[in-house]
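K.L.:
Numbering (my numbering), first residue to last: 2 to 76. Beta carbons: idealized from backbone N, C-alpha and C, even for Gly. Small disclaimer: the values here were computed from a predicted structure and weren't measured.
And the structure:
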């Protein structure tokens with residue numbers, strides 16, 4: 002995977018964060034499928050479990066950013 006140049010406009014952070022998140026998760030899932038088919042299934046299952054943990058973390062991060070921006074807008 003190559004280097005990613007990505008700039009974020011703070012006014013559009015939730016949408017930009019969502020797009021970046023989707024890109025990262027799609028790339029991870031593609032690599033997971035390659036790994037799963039080339040290696041043993043137990044290692045693939047562990048990798049998938051770790052990917053799901055990453056998805057949950059990213060979802061929580063998006064929610065925190067959204068809440069923070071909403072609080073700033075209300076002030």
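Does the Cβ of residue 50 have 16 or more other Cβ atoms within 10 Å, making it buried, or fewer, making it exposed?
P.N.:
Exposed: under 16 other Cβ atoms inside 10 Å.
K.L.:
Would you grab the beta carbon distance between residue 48 and residue 33 for me? Rounded to a whole angstrom, and I think it's under 8 Å.
P.N.:
Correct: roughly 5 Å between the Cβ atoms.
K.L.:
Hey, how far is the Cα of residue 64 from the Cα of residue 55?
P.N.:
Near 14 Å, if we compare the C-alpha coordinates of residue 55 and residue 64.
K.L.:
Is DSSP giving residue 40 helix, strand or coil here?
P.N.:
Looking at residue 40 - three-state DSSP - the assignment turns out to be coil, as it is neither helix nor strand.
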